[in-house]
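See below for the structure under consideration.
Numbering (my numbering), first residue to last: 176 to 868.
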C-alpha cells in the first residue's frame, strides 16, 4: 500500500468525506486493490477496512468475498454488514459462514451476517442454502442475551425462519418470549418481517447514503470523558514552571488538547490509540470489539490481564492467539491462557493450532492433555482415536463417575466423530446429575446443529423425567426443612415467653425488696430467691441464643433447599421449552380463575374414571408417574401440591393442575374425594374443557 494512503487511513474517521477521499486514491489495478484489502485485514484495521471496501464498492471495483474470513470482525457498524456482503464477488456464503465461525461478533452484526447469506442465496442460487446456514442460525438463536439490540437481532432470525420455512429456528426464537400470548407473538413475527424488509431494502440502496457526514465511531460506546489537562485557574501559575500566569502561557495549547480528551485522565484520544495497552483495564477489555482485541500487543498488556485477554482473543482470532502465545513464551502465569487457546482449538477442530500450542509448553506431553485435546491431536488417526476413547471409557467405568462419562461424550462430540458423540451423550446423560445433564444437553444441541439435525434429541425425555424426579425429592427436602424451621421457631418463641415472664418476676421481686429494705427478717431468703431468678434468666438467655443460632442455621438450609428447588424447576422448564419446535397457543390462563389459597385440606379418597390405567399408558412413563405422585399428594392434603391448582372459569367445579410443562391433570375436588377426569397434553387443554359435562 502506498505510504500516503496508509498515513491517510491511520488518521481517518468513519464519515462520508473519508470514503470519497479514499475513492480517489484507489489503485488502477484490481490485483493491487486486492492486496491493499488483504494488508488491511492482516493489520486488523477496523476503520481502514470499512473505508477501503466501501470506497471500492462505490466505484464498482471487485472485492473478493474471501476477505470476509478475517474481515467480518472488522465491520464495526452492524448496518454495514449486508450492503458490503451482498456486493462482494465469489462464494460469499461460504466465506461469511467461515468468518463468523472463526470469531465472536456483536449480536446484531452476527444476525445481519446470517441474514445476508440467506438473501444472497435467494438472489444468486434460487434459494439453495449452504448446509451450515440453518445450524448456525439455530446455534446463534440459543444465545441468552440481554443486550439492547437483542430484539432487532431476533427480527432477522425470524425473517430467516420465515424465508426458509424452518420451524425449529422459529421455535428457538419463540423461547425468548415465554410470557407472550399467541396474539402478542404473532405481532412480534409481523413486526420482525417489517424490520428485516426495511433493512434489506436499505442495504440494496447506495452505500454512501449509509455513511454519515459527521465522524462515526465503529462501535457505539458510552464512556465517561476524563480531562486530558488538569483543571487550573486562568490566573494561577502555569503547570510548566515558567512562572507565568496560565492564561499567558499554555492555556490556548491546553484548550486544543482538551478537545481530544479520552476516558483516561491526562491522556488524549490519539495518545490512547498509540498505546492502548498501557491504559488497559478489565472494564475496557470487556467493551473492546474483536478488531480492537486483535490489534493489541500482548507484550505491552499487564500480566494480570493476560488470561482475560486470551479468553477473548482465542474466540475472535484463534490464529493470532497461538501466535501471541509463542511471542510471549510459556510461563506458569500463562497456563490459563494456554488452556483457553487449546479449548478454542478443540471447538474449532483446528489440529494445526493444537499441535502448535502443545509445543509451546515445555515438558507438557500429549498424555497430560484432556481427552478432548488428545482427540484433536489424533484427529487424522482413526485407530489412535479409538484407543484413546477406549482407554478413557475403561477408566471411567472403574471410577463409576458420571461426570467422566459425559466428558467422554463431550470430547468425542467435538472431535471428527460428532455423530458418535451424540450417541455417547445418549448413554451418559441419563446417569448425570440433573443440573449437569441440563448443561451437557445444551452442548448436545450444539452438536446436533452442526450435524444439521433437528434440535430435539430423544434423550431430553429422560432428562426431563430426571428433573421432575429430582424436583419431587427437593420439594420433600424443602418441606422437611420448613417443618424443622417452624418447630425451632416455636421452641425459640416459647423460650422467649418464658424468659420475659422470669424477667418480669425478677423485676417485681427486686422492686419489692427495695421498698422493704429496712426490714431485716427474710432478707437472706429473699436474696437467695433473687440469685435463683437471675441465674434462671442467664440460663434462659443462653438457651434462647442457642435456639436463635439453630433457627438461623435452619433458615440458611431452608434457603439453600428453596434455591435448589427453584433451580430444578427452571431446569425442567428449560429442558422442555428448549425442545419445543413449534410455538403453541398460550390462552390457558385466560380460561382459569385466580387461585384461592386454603390453609388446610382434608384427606380425600381418589376416584379414577374407567380405563384410566389404559389412559396413563398413552403417556411417557415419567409423565404418568408424576401424575400419580401429584394425585397422592393432593389426596393426602399436602398444601404445597395445591400450588398452581386453579378452577376453570367455564366450569368452576373442575380444577386444573400442571404435570410438568406440557401436561395437564383435570379433576373435581369434592369434600371427601378427588374425582379424576383426565390427563391431557397441554395443547389439548382448551379443546378438552369444551367437552366437559
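We put the CB at the ideal spot given by N, CA and C, even for glycine. This one's a predicted model, so the numbers in the text were calculated from it and none came from an experiment.
- When C-alpha distances from residue 524 are compared across 404, 706, 622 and 665, the shortest belongs to 622.
- Counting only residues of its own chain and dropping the five nearest sequence neighbours on each side, residue 420 has a CB closer than 8 Å to the CB of 409, 410, 411, 412 and 413.
- For residue 337, the three-state secondary structure derived from DSSP is helix.
- The closest CA to that of residue 387, considering only 590, 770, 218 and 226, is found on 226.
- Counting only runs of 4+ residues, the alpha helix (DSSP H) found wholly inside the stretch 348 to 421 occupies 357 to 379, in chain order.
- Here DSSP, grouped into helix, strand and coil, assigns residue 853 to strand.
- In this structure, DSSP gives residue 589 a state outside helix and strand, which the three-state scheme calls coil.
- Less than 8 Å divides the Cβ of residue 328 from the Cβ of residue 286.
- By the neighbour-count definition (other C-beta atoms within 10 Å, threshold 16), residue 195 is an exposed residue.
- Only exposed fits residue 431, as fewer than 16 other CB atoms lie within 10 angstroms of its CB.
- Distance from the Cα of residue 470 is smallest, within the candidate group 763, 716, 484 and 559, for 484.
- Cβ neighbours of residue 560 within its own chain (closer than 8 Å, five residues either side excluded): 550, 553, 554, 590, 591 and 592.
- Within a 10 Å sphere around the beta-carbon of residue 570 sit fewer than 16 other beta-carbons, which makes this residue exposed.
- In the three-state DSSP reduction, residue 540 falls in the coil class, being neither helix nor strand.
- Going by C-alpha positions, residue 851 is about 17 Å away from residue 857.
- Annotated three-state conformation of residue 581 is helix, per DSSP.
- When the beta-carbon positions are compared, residue 250 and residue 206 stay at least 8 Å from each other.
- With 16 or more neighbouring CB atoms inside 10 Å of its own CB, residue 189 falls in the buried class.
- Annotated as distal: residue 477 and residue 378, with beta-carbon spacing of 8 Å or more.
- Counting along the chain, residue 509 sits inside no beta strand (DSSP E), nor does DSSP assign it H or E at all.
- With respect to the C-alpha of residue 332, the residue from 340, 348, 805 and 318 having the closest C-alpha is 348.
- In the structure shown, residue 189 falls within a strand segment according to DSSP collapsed to helix, strand and coil.
- Judged by DSSP in its simplified three-state form, residue 475 adopts coil rather than helix or strand.
- As for any alpha helix (DSSP H) of minimum length 4 sitting wholly inside the stretch 230 to 292, the runs are 243 to 246, 256 to 260 and 267 to 276, ordered along the chain.
- For residue 781, the uninterrupted beta strand (DSSP E) segment begins and ends at 780 to 782.
- In terms of Cα proximity to residue 308, the closest of 217, 628, 557 and 810 is 628.
- DSSP lists 831 and 853 as the beta-bridge partner residues of residue 841.
- Secondary structure of residue 821 (DSSP, three-state): strand.
- Cβ-Cβ distances below 6 Å link residue 806 to 781 in the same chain, with the five nearest sequence neighbours on each side left out; the list follows chain order.
- Contact between residue 546 and residue 539 is absent: CB atoms are separated by about 15 Å, not below the 8 Å threshold.
- Bounds of the alpha helix (DSSP H) holding residue 558 are 557 to 574.
- In the structure shown, residue 554 adopts coil according to DSSP, grouped into three states.
- In this structure residue 605 is in contact with residue 637, their Cβ atoms being roughly 5 Å apart against a cut-off of 8 Å.
- Closest in alpha carbon position to residue 577, among 599, 449 and 281, is 599.
- Residue 441 and residue 403 do touch by the CB rule: their CB atoms are close to 6 Å apart, below 8 Å.
- For residue 776, the closest C-alpha among the options 814, 800, 832 and 785 is that of 814.
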